[in-house]
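Working notes, beginning with the structure itself.
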Amino acid sequence: MEKNIITSPRTGDSCIHVKHSSGLDIYICEMPGFSSVEALFGTKYGSVNTMFRQKGDADYTVVPEGIAHFLEHKLFENEDCDVFELYAKTGASGNAFTSFDKTAYLFSCSQNYQESLRILLDFVQKPYFTQATVDKEQGIIGQEIQMTNDSPEWRVFFNMLSCMYHEHPVKIDIAGTVESIAKIDADLLYKCYYTFYNLNNMVLSIAGNISADEVLAICDECLKPCEDKGLETVFPDEPEDIVKSEIYEVQPVGASIFNIGYKCRPCSGAERLKRSAAASIVSSMLADASSDMYQKLLKEEVINSSFDTEVFTGDGYFSVIFSGESSQPGRVRDALADEVDRWLSEGICSKDFQRIKKSTYGMLVRMLNNVESVANLMMNSHMEGTGPYDMISVLSELTEEDALEFLRNEFRRDRLVMSVIKGDEQ
Amino acid sequence: MRYNRTEIARNIGFSSIIDEKFKTGSLTVRFMTRLSGETAAANALGIGALSSSSADFPTLAKLNEKLSSLYGAGLSTFARKRGDVQILGLTASWLTKKYAFDGEDVDREMLSLIRGCIFSPNVKDGEFDAESYAITKKDLLDRIDAELNNKRGYALSRASEVAFRGEPAEYSCYGSKESAAAVDSAGAYSAYKELLSDAQVEIFYIAPVEDPGFCDMFRESFSGMSRTPSPVVFRTPSPLSSEVNTDSDEYDVRQCKMVMTFKTSSEDFFAVKMLSTIFGETPVSKLFMNVREKMSLCYYCASRVVSAKGAIMVDSGVERANIEKAKAEILGQLEEIKKGNITDSETESALLSIENTVNQIGDTPASYSGWYFERFCEGNSRSPEEQLALYREVTKERIIEAAKSLSLDSVYLMLDKEADA
Numbered sequence: 127m128e129k130n131i132i133t134s135p136r137t138g139d140s141c142i143h144v145k146h147s148s149g150l151d152i153y154i155c156e157m158p159g160f161s162s163v164e165a166l167f168g169t170k171y172g173s174v175n176t177m178f179r180q181k182g183d184a185d186y187t188v189v190p191e192g193i194a195h196f197l198e199h200k201l202f203e204n205e206d207c208d209v210f211e212l213y214a215k216t217g218a219s220g221n222a223f224t225s226f227d228k229t230a231y232l233f234s235c236s237q238n239y240q241e242s243l244r245i246l247l248d249f250v251q252k253p254y255f256t257q258a259t260v261d262k263e264q265g266i267i268g269q270e271i272q273m274t275n276d277s278p279e280w281r282v283f284f285n286m287l288s289c290m291y292h293e294h295p296v297k298i299d300i301a302g303t304v305e306s307i308a309k310i311d312a313d314l315l316y317k318c319y320y321t322f323y324n325l326n327n328m329v330l331s332i333a334g335n336i337s338a339d340e341v342l343a344i345c346d347e348c349l350k351p352c353e354d355k356g357l358e359t360v361f362p363d364e365p366e367d368i369v370k371s372e373i374y375e376v377q378p379v380g381a382s383i384f385n386i387g388y389k390c391r392p393c394s395g396a397e398r399l400k401r402s403a404a405a406s407i408v409s410s411m412l413a414d415a416s417s418d419m420y421q422k423l424l425k426e427e428v429i430n431s432s433f434d435t436e437v438f439t440g441d442g443y444f445s446v447i448f449s450g451e452s453s454q455p456g457r458v459r460d461a462l463a464d465e466v467d468r469w470l471s472e473g474i475c476s477k478d479f480q481r482i483k484k485s486t487y488g489m490l491v492r493m494l495n496n497v498e499s500v501a502n503l504m505m506n507s508h509m510e511g512t513g514p515y516d517m518i519s520v521l522s523e524l525t526e527e528d529a530l531e532f533l534r535n536e537f538r539r540d541r542l543v544m545s546v547i548k549g550d551e552q
Numbered sequence: 247m248r249y250n251r252t253e254i255a256r257n258i259g260f261s262s263i264i265d266e267k268f269k270t271g272s273l274t275v276r277f278m279t280r281l282s283g284e285t286a287a288a289n290a291l292g293i294g295a296l297s298s299s300s301a302d303f304p305t306l307a308k309l310n311e312k313l314s315s316l317y318g319a320g321l322s323t324f325a326r327k328r329g330d331v332q333i334l335g336l337t338a339s340w341l342t343k344k345y346a347f348d349g350e351d352v353d354r355e356m357l358s359l360i361r362g363c364i365f366s367p368n369v370k371d372g373e374f375d376a377e378s379y380a381i382t383k384k385d386l387l388d389r390i391d392a393e394l395n396n397k398r399g400y401a402l403s404r405a406s407e408v409a410f411r412g413e414p415a416e417y418s419c420y421g422s423k424e425s426a427a428a429v430d431s432a433g434a435y436s437a438y439k440e441l442l443s444d445a446q447v448e449i450f451y452i453a454p455v456e457d458p459g460f461c462d463m464f465r466e467s468f469s470g471m472s473r474t475p476s477p478v479v480f481r482t483p484s485p486l487s488s489e490v491n492t493d494s495d496e497y498d499v500r501q502c503k504m505v506m507t508f509k510t511s512s513e514d515f516f517a518v519k520m521l522s523t524i525f526g527e528t529p530v531s532k533l534f535m536n537v538r539e540k541m542s543l544c545y546y547c548a549s550r551v552v553s554a555k556g557a558i559m560v561d562s563g564v565e566r567a568n569i570e571k572a573k574a575e576i577l578g579q580l581e582e583i584k585k586g587n588i589t590d591s592e593t594e595s596a597l598l599s600i601e602n603t604v605n606q607i608g609d610t611p612a613s614y615s616g617w618y619f620e621r622f623c624e625g626n627s628r629s630p631e632e633q634l635a636l637y638r639e640v641t642k643e644r645i646i647e648a649a650k651s652l653s654l655d656s657v658y659l660m661l662d663k664e665a666d667a
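Quick note, the sequences are listed as chains A and B, same order. Just so we're on the same page, the working numbering is the position in the first sequence counted from 1, plus 126. Just so we're on the same page, the working numbering is the position in the second sequence counted from 1, plus 246.
Written out as structure tokens, the structure reads:
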């Protein structure tokens, strides 16, 4: 077991990476002066992983939508009690989440981290499902699906994805639907568990007031070696074009909201990192409060300060999204497309490019100031096949030509979709 | 960590918190004034205008350009309420010069920029610059409209209106839409000038190394002003209504919301907080374990203390058919505590949960600022450790007494439309 120290050449921050003999990748960041500890035990298994097989399987297994999230809920119950009851004895605040491409179990605490880490490593490796508990969970998750359907931010986002993606499961709600989760049973949960919760497919990330040696000793004690079973996940073929260009839904909202997004070419690893950096810079330049487009839309009272942008990417999907509140979202979309055309013919402003680069660098360095952000950064970058500080390096080397190339290839009018949630009277 | 609070003028405190682990400097200024329906919107607009432009950076574009060139420094304003007090603030954070690769003195630049925003706003002929003010005003009006977008937050806000009717706390910290629409740029500037002269002010500066420049700047800037500050009252317990008030709204939602407000005359703050934690603040609380987990009546069901008003609010997401059952069970769980049915492990886990939260104070600049501001409102300057010692002294008997002091005051319901049809 070799300890590999990873250091950021730019900031001097460092963390430790260990490939544990059990198969697990472990990232540890000791942060002197901080009181808290944040630990995440994650698997590369999210809502998009609905089709998979392992070495030796002839066929792919297809599972119901929402099963990764269902499994996350169920793993919180072990044979004797609820995991929350175990954390209640150490004082840690435990939680879990499922996203499109990962599931993570986490705790944050300011004391007894060793015991909380044992709880975390233990319960995630010890599944216990019965049909009775599965049936009960269907009711609870059904309520969660109802609740998220009342969230306009959630609906506007998924409606947008449904306009972008024909086949890719990213368009499906992470929790699935009431109908899809009704198909889940204990056997299917075990099947998914043993496929994706193999330590070779997982990562432990822990940061804060910890000792690396102590963490590794607890890992040695608690981790059960796993054989790498050659997991293979696949996605349906996704056409490059969009499904449709706009979608509207009426909800009880006080302010209409929109998501406007460009469907871009998906990629992975180092390429994804570089293209994410380019996407982030160009979209920030467009949405920046000092940009020409922002100022024009603001003066015309088309947008307000909620206007924002994000890069949304994972296995088989990549998009750049602009969001905000507006009663005239069509004007936002048109202004965006026009501005992109103008930049493509006139080039991008070098001064603005450098300024936004600097601002993005500042944001990345500030993340290293926070225990929770550092733990998340180490886990996420590993799952994306990169290192925790790679983004800072990639960003510093990014050129205007990289940004322009991304704009030219990906910000296409025929790949632009708009989703709007408006109120009854809007 | 070194904490030091100095009174730089009457009713203006400057707290310096130096902690070398941070890579950022940050500053938060809070103006405190009595919340009122007449002035809330004008105050919110007056403070909001400070982050749109300044005399040095006369447009939002120029101000933002400067901030992003300073490694994406943040500058924003906020309006909040704490009981009957409206808190108007400006907050900024920036990467310290150690991490500036071009060698800029980011700290000096931010000092100057903040001074400009607060003390040299973009004003012409006694009113905020029209263009910047229009942006600020639209933002506030939109924010008021958008409150309904977050159903859980909106239900809590409506519940406050019902529970604290007739008291300043019934108002939103943004004021009403009508009152905000009526404030012009001269009115907003006049409200801001009143904040400068009449409000209580608390300033928090948090950085890795000492920089007396910030304290000096505020001392000098305020010294030239004639101030007649009126101290605010932070704790104003709300009287219990003679009967349980119920109010409801109907919306096209899938999940209904219920907020129950209980009131207490107890002055035993630590016991009330322990009670609320055992009752409904953690995933092993009575409400979570019984109302959600055992009986599956609510997707969420949690309690929170509104200490400034002597209240505890229990909010839940519930199907319409289960509202009465959930209400009965929530009241039933409170009765259990009143009867003394609290296990040692419930008390211990509540204390551990509070310890866990309090011990994390200091891991972010905002947590330092929030902690010492809360202590200021309470009239003490206890460290997290000193505060924890007081929690550890809370006995089971005190928790039971705190529970007995609670009475249901009001219920707010957000109902779905379809089930009614």
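For glycine and all other residues, C-beta sits at the position ideal for the given N, C-alpha and C.
Per-residue burial, Ser443 of chain B [other beta carbons within 10 Å of its own, 16 or more giving buried]
Looking at its Cβ environment, which holds fewer than 16 other Cβ atoms inside 10 Å, Ser443 of chain B is exposed.
Where Asn250 of chain B falls, given that 16 or more other Cβ within 10 Å makes a residue buried:
Asn250 of chain B is exposed by the Cβ-count criterion.
By DSSP, does His294 of chain A sit in helix, in strand, or in coil?
Here His294 of chain A sits in coil by DSSP.
Ser331 of chain A - containing beta strand (DSSP E), residue span:
Where Ser331 of chain A is concerned, the enclosing beta strand (DSSP E) starts and stops at Met328 to Gly334.
Pro378 of chain A to Ala401 of chain B span [Cα, whole Å]:
Their backbone Cα atoms lie some 13 Å apart in a straight line.
Can you pull the chain B neighbours of Ile215 of chain A, defined as C-beta to C-beta under 9 Å?
According to the sequence shown, residue 215 of chain A is Lys rather than Ile. Result: Ser591, Glu594, Ser595 and Leu598.
Entirely within the region 127 to 185 of chain A and at least 3 residues each: give me those beta strand (DSSP E) ranges in chain order.
You should have 129 to 133, 140 to 145, 151 to 156, 163 to 169 and 177 to 179.
Would Ala180 of chain A pass as a contact of Leu357 of chain A if the rule is Cβ separation under 7 Å?
For the sequence presented, residue 180 of chain A should be read as Gln rather than Ala. Cβ atoms of Gln180 of chain A and Leu357 of chain A: closer than 7 Å.
Could one say the Cβ of Glu116 of chain A lies closer than 7 Å to chain B's Cβ atoms, at least one of them?
Shown here, chain A extends from 127 to 552; a query on residue 116 of chain A therefore has no answer.
Can you name the residues of chain B whose CB is closer than 7 Å to the CB of Thr133 of chain A?
Neighbours of Thr133 of chain A on chain B: none; closest Cβ ~15 Å, over 7 Å.
Please tell me whether Lys309 of chain A has its Cβ less than 7 Å away from any Cβ of chain B.
Answer no: the Cβ-Cβ gap between Lys309 of chain A and chain B never drops below 7 Å.
Contact set between Arg631 of chain A and chain B, taken where Cβ atoms lie within less than 7 Å:
Outside the shown range of chain A (127 to 552) lies residue 631 of chain A, about which nothing can therefore be said.
Does Gly549 of chain A come out as helix, strand or coil in the three-state DSSP assignment?
DSSP, reduced to helix, strand and coil, places Gly549 of chain A outside both helices and strands of the structure shown, so it counts as coil.
Any idea what DSSP makes of Ile307 of chain A, helix, strand or coil?
Under the three-state reduction of DSSP output, Ile307 of chain A falls in the helix class.
Tell me whether Lys422 of chain A counts as near the ligand SAM, meaning its Cβ is closer than 6 Å to at least one heavy atom of that ligand.
The ligand SAM is absent from the structure shown, which contains no ligand whatsoever.
Measuring alpha carbon to alpha carbon, tell me which of A:Met419, A:Glu527 and A:Glu263 ends up nearest Arg538 of chain B.
By alpha-carbon distance to Arg538 of chain B, the top candidate from A:Met419, A:Glu527 and A:Glu263 is A:Glu263.
With a threshold of 7 Å on Cβ separation, who are the neighbours of Ser406 of chain A within its own chain once the five nearest residues in sequence on each side are excluded?
The beta carbon of Ser406 of chain A lies closer than 7 Å to those of Val437 and Thr486 in the same chain, with the five residues before and after it left out.
Please list the partners that Met489 of chain A has in chain B, where partner means a Cβ-to-Cβ separation under 7 Å.
The contacting residues are Gly318.
For the candidate residues B:Tyr545, B:Ala548 and B:Asn587, whose alpha-carbon lies nearest to that of Ala646 of chain B?
This sequence places Ile at residue 646 of chain B; Ala is not what is there. Closest by alpha carbon: B:Asn587.
Between the CA atoms of Ala333 of chain A and Ile154 of chain A - distance to the nearest angstrom:
Ile154 of chain A and Ala333 of chain A have their alpha carbons spaced roughly 6 Å apart.
Along the region 383 to 409 of chain B, where does the CB come closer than 7 Å to a CB of chain A? Name the residues.
When CB distances to chain A are screened at a threshold of 7 Å, the residues of the region 383 to 409 of chain B falling below it are Lys384, Asp385, Asp388, Asp391, Ala392, Glu393, Leu394, Asn395 and Lys397, in chain order.
Which ranges does the beta strand (DSSP E) cover as unbroken runs of at least 3 residues, wholly within the region 196 to 269 of chain A, from first to last along the chain?
Taking only runs of at least 3 residues, the beta strand (DSSP E) segments lying wholly in the region 196 to 269 of chain A are 219 to 224 and 229 to 235.
Check the Cβ of Val379 of chain A against every Cβ in chain B and list those closer than 8 Å, keeping chain order.
One finds Ala392, Leu394 and Asn395 in chain B with Cβ atoms closer than 8 Å to the Cβ of Val379 of chain A, taken in chain order.
Identify which residue in A:Glu498, A:Ser476, A:Asn535 and A:Leu201 has its Cα closest to the Cα of Phe233 of chain A.
Sorting A:Glu498, A:Ser476, A:Asn535 and A:Leu201 by C-alpha distance to the C-alpha of Phe233 of chain A places A:Glu498 at the top.
Coarse secondary structure for Ser653 of chain B, derived from DSSP in three states:
In the three-state DSSP reduction, Ser653 of chain B falls in the strand class (E or B).
For Glu624 of chain B, write down the residues that DSSP places opposite it in a beta bridge.
Answer is none; Glu624 of chain B lacks a bridge partner.
If you run the structure through DSSP and keep just helix, strand and coil, what is Ser282 of chain B?
If DSSP states are grouped into helix, strand and coil, Ser282 of chain B belongs with coil.
Apart from the five residues on each side of it in sequence, which residues of its chain come closer than 7 Å, Cβ to Cβ, to Gly459 of chain B?
Apart from the 5 residues on each side of it in sequence, Gly459 of chain B sits with its Cβ closer than 7 Å to the Cβ of Leu357 in its chain, given in chain order.
Reduced DSSP category for Cys544 of chain B - H, G, I as helix; E, B as strand; rest coil
It is a strand residue.
If distances are taken between C-alpha atoms only, which option among A:Arg539, A:Leu533, A:Thr321 and A:Leu166 comes closest to Gly182 of chain A?
Looking at the Cα atoms, A:Thr321 is the closest of the given residues.
By Cβ distance, which residues of its chain are closer than 7 Å to Glu511 of chain A, with the 5 residues on each side in sequence left out?
In the sequence under discussion, the amino acid at residue 511 of chain A is Gly, which differs from the Glu named in the question. Excluding residues within five positions, the ones whose Cβ falls inside 7 Å are Ser394 and Gly395.
Bridge partners of Asp493 of chain B, per DSSP?
In the DSSP assignment, Asp493 of chain B is bridged to B:Tyr658.
What span of residues does the alpha helix (DSSP H) with Glu375 of chain A cover, start to end?
Per DSSP, Glu375 of chain A belongs to no alpha helix (DSSP H); it is in the beta strand (DSSP E), Glu372 to Val376.
C-beta contact flag for Phe508 of chain B and Ile558 of chain B at 7 Å:
Contact annotation: Phe508 of chain B and Ile558 of chain B have beta-carbon atoms nearer than 7 Å.
So, Cys235 of chain A versus Val296 of chain A, is the Cβ gap smaller than 7 Å?
It is not a contact, given that the beta carbons lie outside the stated cut-off.
Burial state of Gln257 of chain A, where buried means 16 or more other Cβ atoms lie within 10 Å:
So Gln257 of chain A ends up on the exposed side.
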